[in-house]
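What follows is a short report on a single structure.
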Amino acid sequence: MHYTLCDMFSDLTQNALEAGADRVTVRLAETDGEVSLVIKDNGKGMTADQLKRATDPFWTDGIKHPGRKVGFGIPFLIQTAESTGGYWNIESRHEGKTGTTVSCRFDLTNIDTPPVGDVTGYFRQILTFDGPYEMVITHAVSRDGKKTEYTVRRSELLDALGLAEERSFTDVSSLALLGEYLKNLLEE
Numbered sequence: 003m004h005y006t007l008c009d010m011f012s013d014l015t016q017n018a019l020e021a022g023a024d025r026v027t028v029r030l031a032e033t034d035g036e037v038s039l040v041i042k043d044n045g046k047g048m049t050a051d052q053l054k055r056a057t058d059p060f061w062t063d064g065i066k067h068p069g070r071k072v073g074f075g076i077p078f079l080i081q082t083a084e085s086t087g088g089y090w091n092i093e094s095r096h097e098g099k100t101g102t103t104v105s106c107r108f109d110l111t112n113i114d115t116p117p118v119g120d121v122t123g124y125f126r127q128i129l130t131f132d133g134p135y136e137m138v139i140t141h142a143v144s145r146d147g148k149k150t151e152y153t154v155r156r157s158e159l160l161d162a163l164g165l166a167e168e169r170s171f172t173d174v175s176s177l178a179l180l181g182e183y184l185k186n187l188l189e190e
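Residue numbers for the sequence shown follow the numbering used here, so the first one is 3 and each next one is one higher.
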């Protein structure tokens, strides 16, 4: 099992990019009592059989990680959601680049729900995966009667840091600036 929900969310987001997506949208919503996540990609998608088999921890397609005999990402999502009164859903089609949508919600009042974890670290990690892709993150927080929401686009961050041609975060200073920017957004 993952130590935090953000650890699990990172794994699920990486799956979207590894499925050949060049556009991934992430919506994370937090309240006093729950956290929900929707990850939508335009990757290769899964057939009905692949989708069914992906819920089995002892199955993997062997393409992403040759030689690996297990795939725990989706089974951990299912186990965590079901054991804590949460919700999960996966929709996917394998026709062209129609992609996959993973949705989940967790009850933060359930004693067995893992801690949310480092949201800023999660966002920084998924924005800095290697390769040419667009990542759009929306974060909505509603706590103690206060609501805030912001959207971050990977392409805009790369442009602002002068990294548009590289299409990647390549050095420590750009990673530090990204971390500070995300932290400031979260604190506002």
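Don't be surprised by glycine CBs; every beta carbon is placed ideally from N, CA and C.
Remember, predicted model here, so these are calculated numbers, not experimental data.
Inter-residue Cα distance where the pair is residue i and residue j
i: residue 180; j: residue 162; result: 10 angstroms
i: residue 112; j: residue 84; result: 11 angstroms
i: residue 177; j: residue 155; result: 15 angstroms
i: residue 5; j: residue 50; result: 30 angstroms
i: residue 86; j: residue 102; result: 24 angstroms
i: residue 123; j: residue 92; result: 24 angstroms
i: residue 72; j: residue 114; result: Model confidence at residue 72 stands at a pLDDT of 42, short of 50, so the residue's coordinates are unreliable; what they give is reported in the following sentence. Cα-Cα distance, rounded: 25 angstroms.
i: residue 10; j: residue 160; result: 25 angstroms
i: residue 16; j: residue 128; result: 7 angstroms
i: residue 157; j: residue 30; result: 19 angstroms
i: residue 144; j: residue 175; result: 32 angstroms
i: residue 172; j: residue 48; result: 32 angstroms
i: residue 186; j: residue 166; result: 22 angstroms
i: residue 148; j: residue 182; result: 22 angstroms
i: residue 164; j: residue 41; result: 27 angstroms
CA nearest to the CA of residue i, picked from the options
i: residue 81; options: 158, 107, 21 and 132; result: 107
i: residue 43; options: 171, 18 and 132; result: 18
i: residue 33; options: 110, 16 and 87; result: 110
i: residue 146; options: 35, 116, 160 and 186; result: 35
i: residue 28; options: 152, 165, 186 and 173; result: 152
i: residue 193; options: 39, 48 and 30; result: Absent from the structure is residue 193, since the part of the chain shown begins at 3 and ends at 190.
i: residue 168; options: 150, 182, 130 and 148; result: 130
Distance CB(residue i)-CB(residue j) smaller than 9 angstroms
i: residue 8; j: residue 121; result: yes
i: residue 96; j: residue 54; result: no
i: residue 79; j: residue 141; result: no
i: residue 13; j: residue 135; result: no
Same chain, Cβ closer than 7 angstroms to residue i, five either side skipped, listed in chain order
i: residue 132; result: 170
Chain-order list of residues whose beta-carbon lies under 6 angstroms from that of residue i (same chain, five-residue window excluded)
i: residue 125; result: 139 and 184
i: residue 116; result: 6 and 7
i: residue 1; result: Here the chain has residues from 3 to 190 only, and residue 1 is not among them.
i: residue 150; result: 143
i: residue 26; result: 18, 43 and 137
Cut-off 8 angstroms between Cβ atoms - residues of its own chain near residue i, not counting five sequence neighbours on either side
i: residue 118; result: 6, 7, 8, 32, 37 and 110
i: residue 75; result: 10, 13, 14 and 17
Every unbroken beta strand (DSSP E) within the region 74-103, with a cutoff of 3 residues, ordered by chain: List check, beta strand (DSSP E) in window: 89-94.
Any alpha helix (DSSP H) of 4 or more consecutive residues that is wholly inside the region 153-181: The region 153-181 contains these whole alpha helix (DSSP H) runs: 156-162.
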